[in-house]
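Novice: When the sequence shown is numbered by this note's numbering, its final residue is 865 and no position is left out of the sequence of numbers.
Glycine included, C-beta positions come from ideal geometry on N, C-alpha and C.
Let me begin by handing over the structure; questions about it come next.
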Amino acid sequence: MANSIRTQVEETIRKHPADPSKAAIELCVMLDERFDLAGNGWFDDDDEVLEAISSS
Numbered sequence: 810m811a812n813s814i815r816t817q818v819e820e821t822i823r824k825h826p827a828d829p830s831k832a833a834i835e836l837c838v839m840l841d842e843r844f845d846l847a848g849n850g851w852f853d854d855d856d857e858v859l860e861a862i863s864s865s
């Protein structure tokens with residue numbers, strides 16, 4: 810599982826090398842899909858990530 814997550818992190822970063830903010834949002838969405846972080850309050854203070862999660 811860890812290797813799979815690491816691979817997804819690496820792919821996301823490579824996909825957005827000039828836009829670290831976009832990469833960070835996509836990483837948060839990916840991690841939420843795996844670990845339900847939003848459901849546990851991890852992104853309560855980040856409207857941009859919450860919107861990205863709800864859009865995915």
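Would T816 and L836 be called neighbours here (beta carbons separated by less than 8 Å)?
Specialist: On the sequence shown, residue 816 is found 7 positions in, with the first residue counted as 1. On the sequence shown, residue 836 is found 27 positions in, with the first residue counted as 1. In this structure, L836 does not lie closer than 8 Å to T816 by Cβ.
Novice: Is it buried or exposed, F852, if we count other Cβ atoms within 10 angstroms and call 16 or more buried?
Specialist: The residue labelled residue 852 in the question sits at position 43 within the sequence shown. Result: buried.
Novice: Tell me whether D841 sits in a helix, a strand or coil according to DSSP, three-state version.
Specialist: Taking the sequence shown and counting its residues from 1, one reaches residue 841 at position 32. Three-state DSSP puts D841 in a helix.
Novice: Rounded to whole angstroms, what's the CA-CA distance from I814 to E860? Just pull it up for me.
Specialist: In the sequence shown, residue 814 corresponds to position 5, counting from 1. In the sequence shown, residue 860 corresponds to position 51, counting from 1. One C-alpha to the other measures close to 22 Å.
Novice: Just the Cα atoms here: how many angstroms apart are P829 and F844?
Specialist: Numbered from its first residue, the sequence shown carries residue 829 at position 20. Numbered from its first residue, the sequence shown carries residue 844 at position 35. If I take the Cα positions, the gap works out to 22 Å.
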